[in-house]
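K.L.:
There are 2 protein chains.
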Amino acid sequence: MNTIGIGILGAGTVGGTLIRRLVGDHAAISAKTGLDLEVRRIAVREPGKARPFELPGDRIVADPWAVVDDDTVDLVVELMGGRDPAGDLVLAAVEAGKPVVTANKELIAARGPELIAAAERSGVPLLFEAAVGGGIPIIRPISETLAGEQIESVKGIVNGTTNFILTRMAEEGSGFAEALAEAQALGYAEADPTADVEGGDAAAKAAILASLAFGTWVGVDDVHREGIVDITPADMAFAAEFGYVIKLLAIAERLDTGVTARVHPAMIPNAHPLASIRGATNAIFVTGPSIDELLFAGPGAGGEPTATAVLGDVIDAAREHLAHAQVAPRIRFSPGDLIDFSTVSTKWYVRLEVEDRPGVLAQVAGAFGDAGVSIKSVWQEGRGDEATLLIITHRAVEAAQRAAVDAVAELAPVERVAAVIRVESDEP
Amino acid sequence: MNTIGIGILGAGTVGGTLIRRLVGDHAAISAKTGLDLEVRRIAVREPGKARPFELPGDRIVADPWAVVDDDTVDLVVELMGGRDPAGDLVLAAVEAGKPVVTANKELIAARGPELIAAAERSGVPLLFEAAVGGGIPIIRPISETLAGEQIESVKGIVNGTTNFILTRMAEEGSGFAEALAEAQALGYAEADPTADVEGGDAAAKAAILASLAFGTWVGVDDVHREGIVDITPADMAFAAEFGYVIKLLAIAERLDTGVTARVHPAMIPNAHPLASIRGATNAIFVTGPSIDELLFAGPGAGGEPTATAVLGDVIDAAREHLAHAQVAPRIRFSPGDLIDFSTVSTKWYVRLEVEDRPGVLAQVAGAFGDAGVSIKSVWQEGRGDEATLLIITHRAVEAAQRAAVDAVAELAPVERVAAVIRVESDEP
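Laid out in structure tokens, this is it:
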């Protein structure tokens, strides 16, 4: 039997589930893969705590280094999360010639090139399927099956918390705070929801997707990021009126000038495959000249789906390790042109509160035109002395859109720029 | 540079596209993967014919054995299709220690265990991502990412020709013959459409999906198969009236009693993720206790998408080959219980032409009841002396359903059993 000793850092939701399955499904996994995956050592914050798995007590330790340095541990699974000390532990493991599997998007987005290079030097795999899309197979399809494709774009709903909130807002008319509270009550949002609602989680995933899709490393700090805290029921309703739905998208694109990654709320047409992705479900939409359009959808988080993705990586890494293979890394990164977000073209939806008097629209349209932004459509809704002006522009670079909106905000009859949301659609 | 000599059997739609990209995208592939993939020899039926790629003429031969036996060929790509002589060529290549990549579903479904075992003995990969789902990554996700999942079912629209025909019938009200002619005119169906419309192509894919999902080999002859030639506009219209759409599904299921695979037209509820898959698009829906539901959708055929999947496999196989790795196979097959289709439970839609007189429904309902099949709903549409009776049953085993319909057909007031279509939905 091909035995592999496994060490696991962290036994929270994902780690606990993984260990329960490695122990409980041992025979089934072994029959299907020919591998004897033996959990040899686990590091947890509180070794005495009750766990959803049964293992001899001496296998559970508090010091993660005792796992990485254990000679009986052949393969390390890092599920602690965060950059420190996870990064140094992963680095030490691969430098010691141990394959590593991790679900840590933050770590990969921050120190990916360094860790991947170290794994390459040691000739061991460093796999992170679970870092993006939870249980959805996406890292492997993009970096392996599509290795020969000149991928053009990856657009994803990669954060279940925000998609749950936006779905409730769209379907129930709830405000952001109300929908967030509901998400928290149901366990879809953390007590501190910052990383989700401000787009940090999605930005780390966007960085990883862009890097793998284009073979050019994109760091998390290279990702333009906006969250969903300013989305209002009014904009949800207007979006619906125009045939759109608002989603938080992670977008990686290869343009003529280089590659770019960004996270922001976007209006997408109802007919877009991502428009119908509801609740905590994740989905990733990949386009390229040969594959045209691919859609991957499924559970983007949760202990069970994420543990499944980790387990798939563990099996794959164990296979390579047993072959004593110095297998080349799945992907190489070349220096590439990262474009500044201000030069990326998008369409904008702008909601203005204005005085309801003749000539306002002409002034507003003039300000957009002066900035080089052409307007696709305008709706006006009067309500006494005031009116709401809804504008959707044609495609223009961010810098021009921003200048236009700044100029509009200075116009005397404009009381307030109430909302700005990008519109993602294939029309010009 | 890591150079791999590639030999290709067949330069038709997929092969020609693959060669054009291996030659034309050589620099891009090399930058992304670190591999120098060199096309060394190609076997084609007519070596003199014009091709969509430029290669020295002496690399193109008529004898496929001259490719497999060529010492400068390190890796063989089989794109001839069919069982013979492709099977013996693939076998010889892996026995000579050469990794093989193939898109040949018919061959894998027929001789999979033998070829996979031979590849394992030689310690070389035998990859076939393109055999199912064309450009959709599905083989690798199922056999690698989901290796640790106890997959419950795989349901797919895996034949673009029939989905195109059924979509036209549903949306335009066309008859089968008319929609088929349109598919042929547009290049979506072959001059001889038998393999597509009678379900043979989908059955080979169902066999492969079932085998990989469950780790129990399911041969193509184990797959119960029905095509779409008997689907009528009338049933399309009735399906729409009841909130269903008719699709040709490839279904692999793990039941308590064993595993089963089948291909047949099925009514699925409009809200099912597969219901909205239109035209030549393919989609595969995978369920399991941990992943819940995963959907993969994209182009299921065509030279470009299929060549992308082949190219991904070539890159992966080249990586392993260069590592001189005796890597264990991705999946092992255990003997498992294949259940006889007559014992599988499904729901049936039955359309009867009956005499419109009192007591008919009682007689029909009695016959179903006697066979142990309970009826979920009945609609009756009178038209003069005759009436149409539409019945949807609850779940019952195939043998009982068949017995019920046979008994109904014998009833005096029943003129004709006009249609029988299974209903796939989660309701009991």
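Quick note, the sequences are listed as chains A and B, same order. Counting with my numbering, you get residues 632 to 1059 for the letters of the first sequence. Counting with my numbering, you get residues 632 to 1059 for the letters of the second sequence. For each residue, glycine too, the CB sits at the ideal point set by N, CA and C.
1) What whole-angstrom Cβ distance do A:Asp937 and A:Gly765 have, given they're in contact under 8 Å?
2) Per DSSP, which one or two residues make a beta bridge with A:Arg982?
3) Closer than 7 Å by beta-carbon distance: list the chain C residues that pair up with B:Pro930, in chain order.
4) Alpha carbons only, please: which of B:Ile946, B:Asp1001, B:Asp987, B:Ser842 is nearest the one belonging to B:Ser661?
5) From which residue to which residue does the alpha helix (DSSP H) around A:Asn794 run?
6) In the stretch 690-733 of chain A, which residue ranges form an unbroken beta strand (DSSP E) of at least 3 residues, counting only runs that do not cross its ends?
7) When burial is assigned at 16 or more other CB atoms within 10 Å of the CB, is A:Arg771 buried or exposed?
8) With the cut-off set at 8 Å, would you say A:Thr733 and B:Ser921 are in Cβ contact?
9) Could you please give me the residues that DSSP links to B:Trp1010 through a beta bridge?
10) If you count every other CB in all the chains shown that lies within 10 Å of the CB of A:Ser774, and 16 or more means buried, which is it?
11) Is the number of C-beta pairs between the stretch 830-838 of chain B and the stretch 850-860 of chain B that are closer than 8 Å three or more?
12) By Cβ distance below 8 Å, which residues in the same chain neighbour A:Arg671 in space, the five residues on each side in sequence not counted?
13) Of the residues B:Lys736, B:Trp696, B:Pro683, B:Val876, which one's Cα is nearest the Cα of B:Glu1055?
14) Along the stretch 769-791 of chain B, what residues have a CB closer than 8 Å to any CB found in chain A?
15) Among residues of its own chain, excluding the 5 on either side of A:Ala996, which ones have a beta-carbon nearer than 7 Å to its beta-carbon?
16) Assign B:Thr847 to buried or exposed, taking buried as 16 or more other Cβ atoms, counted over all protein chains shown, within 10 Å of its Cβ.
17) Is the shortest distance between the beta-carbon of A:Thr939 and the beta-carbons of chain B less than 8 Å?
18) Could you give the C-beta distance for B:Ala1062 and B:Ala892, rounded to a whole number, given that I count them as a contact under 8 Å?
19) I'd like the list of long-range same chain contacts for B:Val860, defined as Cβ closer than 8 Å, with 5 residues on each side in sequence excluded.
20) Along chain B, which residues have their Cβ under 9 Å away from the Cβ of A:Ile637?
21) Given a cut-off of 8 Å on the beta-carbon distance, is the pair B:Leu686 and B:Ala949 in contact?
22) Straight-line CA distance for B:Ala810 to A:Ser907?
23) What span of residues does the alpha helix (DSSP H) with A:Asp853 cover, start to end?
24) Please report the straight-line C-alpha distance between A:Asp694 and A:Asp968, rounded to a whole angstrom.
25) Is the distance from the Cβ of B:Val763 to the Cβ of B:Val789 below 8 Å?
26) Are there 16 or more other CB atoms within 10 angstroms of the CB of A:Glu935, so buried, or fewer, so exposed?
27) Taking 6 Å as the limit between beta carbons, can you name the residues of its chain near B:Ser1008, skipping five residues before and five after?
28) Should A:Thr793 go down as buried or exposed, given a rule of 16 or more other Cβ atoms within 10 Å for buried?
29) Who pairs with A:Tyr875 in a beta bridge, going by DSSP?
30) Are the Cβ atoms of A:Leu706 and A:Lys736 separated by less than 8 Å?
31) Can you give me the C-alpha to C-alpha distance between A:Val985 and A:Val1045, rounded to a whole angstrom?
32) Can you check which of these residues, B:Ala658, B:Val894, B:Arg1047, is closest to B:Asp832 by C-alpha distance?
33) Kindly give me the distance between the Cβ atoms of A:Val849 and A:Ser842, rounded to whole angstroms, as I take these residues to be in contact under 8 Å.
34) According to the Cβ coordinates, are B:Val1039 and B:Val1028 closer than 8 Å?
35) So, are the CB atoms of B:Thr776 and A:Gly943 less than 8 Å apart?
36) Would you please verify whether the beta carbon of B:Ala748 is less than 8 Å from any beta carbon of chain A?
P.N.:
According to the data block:
1) Note on residue identity: the sequence assigns Thr, not Asp, to residue 937 of chain A. With a Cβ gap of about 5 Å, A:Thr937 and A:Gly765 count as contacting.
2) Answer is A:Leu1021, A:Ala1050.
3) Among the protein chains in the structure shown, which are A and B, there is no chain C.
4) Per the Cα distances, B:Ile946.
5) Counted as a single uninterrupted DSSP element, the alpha helix (DSSP H) harbouring A:Asn794 occupies residues 791-803.
6) Fully contained in the stretch 690-733 of chain A are the following beta strand (DSSP E) runs of length 3 or more, in chain order: 706-709, 731-733.
7) By the neighbour-count rule (16 or more Cβ atoms within 10 Å), A:Arg771 is buried.
8) No, the pair does not count as a contact, with Cβ atoms beyond the cut-off.
9) B:Leu1021.
10) So A:Ser774 ends up on the buried side.
11) Flag = yes, the stretch 830-838 of chain B and the stretch 850-860 of chain B touch.
12) Here the set comprises Gly636, Ile637, Gly638, Arg690, Asp701, Thr703, Val704.
13) Cα-wise, what sits closest to B:Glu1055 is B:Val876.
14) Going along the stretch 769-791 of chain B in chain order, one finds Arg771, Pro772, Glu775, Thr776, Leu777, Ala778, Gly779, Glu780, Gln781 with a Cβ nearer than 8 Å to chain A.
15) So the list reads Ile1006, once near-sequence residues are dropped.
16) By the 16-neighbour rule on beta-carbons within 10 angstroms, B:Thr847 is buried.
17) So yes, A:Thr939 belongs to the interface.
18) Because chain B here runs from 632 to 1059, residue 1062 of chain B falls outside it and cannot be looked at.
19) Contacts found: Phe807, Val828, Glu829.
20) Residues of chain B with a Cβ closer than 9 Å to the Cβ of A:Ile637 do not exist, since the nearest Cβ in that chain sits about 12 Å away.
21) No. Outside cutoff.
22) B:Ala810 and A:Ser907 have their C-alpha atoms spaced approximately 29 Å apart.
23) No alpha helix (DSSP H) contains A:Asp853, which DSSP labels as neither H nor E.
24) C-alpha separation (whole angstroms): 42 Å.
25) Yes, Cβ-Cβ distance for B:Val763 and B:Val789 is below 8 Å.
26) Flag for A:Glu935 reads buried.
27) Within the same chain, B:Ser1008 has close Cβ partners Ile1023.
28) Counting other Cβ atoms within 10 Å of its Cβ, A:Thr793 reaches 16 or more and is therefore classed as buried.
29) A:Pro900, per the DSSP bridge assignment.
30) With contacts defined by Cβ atoms closer than 8 Å, A:Leu706 and A:Lys736 do not form a contacting pair.
31) Taking the straight line from one Cα to the other gives about 4 Å.
32) Taking only the C-alpha atoms, the option nearest B:Asp832 is B:Val894.
33) Sure, about 5 Å apart at Cβ, within 8 Å.
34) No; because the gap between Cβ atoms is not below 8 Å, this pair is not in contact.
35) Yes, these two residues count as a Cβ contact at 8 Å.
36) Contact with chain A is absent for B:Ala748, since none of that chain's Cβ atoms lies less than 8 Å from the residue's Cβ.
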